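Chemist: Chains as they are written, first to last, in the numbering used here: chain A, -6 to 112; chain B, -11 to 100.
Here's a structure for you.
Now the structure itself:
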């Protein structure tokens, strides 16, 4: 059974860097593509970016300059860093497995972690 | 970027009745080379992450009840839920994966 679990600080100050890790169990991280998706209080879902082993990461152009993604196959984890955060980055951040990707649908999701940007 | 628009924003349906949710994309999601529409549907119950229901516009994910069905092609798609159950109260989202960045509709809230 594939499970994903996000971890990281729940509170980040404006202008600082948001860092999250997604730990995957039940599937080798090297065999799929993995994405980050966030959900604002208004419930809109926004794709942030994806990483696949052996490929360059893809990022949403709206966030591209602030996003970095990485994969740690030894720990079966992938991570997100979002720099220079503002209150607009406050959201629930989900990690998800992407099927038929890159450029596919998401068949497994983490529960999500709320990140609040506030001083 | 492809913009996805759902309608209605919310709807209330009686138990046992049918619910219909529409999704419109700003450009065609149909790929001629494989005759597939690059569209998925998700259900999000309160306090839960989204759950995949349908992909390729009409293929049900394993374990999803057959009262959930997807239809449509090109730019217009529909999610139909027959014989509505209380457990179907949720937000429903469409998502296009025809091009990067993948994008979601704004969501439709389904109530009893």
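Idealized CB from N, CA, C, for every residue including glycine.
Bear in mind the structure is a predicted one, so any value in this text is a computation, not a measurement.
Hey, would you say residue 48 of chain A sits closer than 9 angstroms to residue 15 of chain A, going by beta carbons?
Modeler: Cβ distance not < 9 angstroms, so residue 48 of chain A and residue 15 of chain A don't count as in contact.
Chemist: Does any residue of chain B bring its CB to less than 9 angstroms from the CB of residue 92 of chain A?
Modeler: Judged by the 9 angstroms Cβ criterion, residue 92 of chain A is in contact with chain B.
Chemist: Do the region 58 to 78 of chain A and the region 1 to 18 of chain B meet, that is, are 3 or more Cβ pairs less than 8 angstroms apart?
Modeler: The region 58 to 78 of chain A is not in contact with the region 1 to 18 of chain B.
Chemist: Which runs of the beta strand (DSSP E) fall wholly inside the region 15 to 83 of chain A and span at least 3 residues, in chain order?
Modeler: Correct list: 26 to 32, 38 to 45, 60 to 65 and 70 to 75.
Chemist: Using the rule of at least 16 other Cβ atoms within 10 Å of the residue's Cβ for burial, across every protein chain shown, is residue -1 of chain A buried or exposed?
Modeler: Burial call: buried.
Chemist: Determine, using beta carbons only, whether residue 37 of chain B comes closer than 9 angstroms to chain A.
Modeler: Closer than 9 angstroms to some Cβ of chain A, the Cβ of residue 37 of chain B qualifies, so yes.
Chemist: Quick one: using the 10 Å Cβ neighbour count with 16 as the cut-off for buried, is residue 32 of chain B buried or exposed?
Modeler: Buried, by the Cβ-count rule.
Chemist: Across which residues does DSSP place residue 97 of chain B in a beta bridge pair?
Modeler: B:-2 and B:79, per the DSSP bridge assignment.
Chemist: Ordered along the chain, which non-local residues of its own chain (more than five positions away) have a Cβ less than 6 angstroms from that of residue 81 of chain B?
Modeler: Taken in chain order, the residues that qualify are 30, 92, 93 and 95.
Chemist: Which bits of chain A does residue 49 of chain B rub up against, with CB to CB less than 8 angstroms?
Modeler: Near residue 49 of chain B (Cβ distances below 8 angstroms), the residues of chain A are 100.
Chemist: Applying the criterion that 16 or more other CB atoms from any shown protein chain within 10 Å of the CB defines a buried residue, is residue 22 of chain B buried or exposed?
Modeler: Classification for residue 22 of chain B: exposed.
Chemist: Please list the partners that residue 40 of chain B has in chain A, where partner means a Cβ-to-Cβ separation under 7 angstroms.
Modeler: Result: 98, 99 and 100.
Chemist: For the region 86 to 99 of chain A against the region 27 to 36 of chain A, are there 3 or more C-beta pairs whose distance is under 8 angstroms?
Modeler: Contact between the region 86 to 99 of chain A and the region 27 to 36 of chain A is present, because at least three Cβ pairs lie under 8 angstroms.
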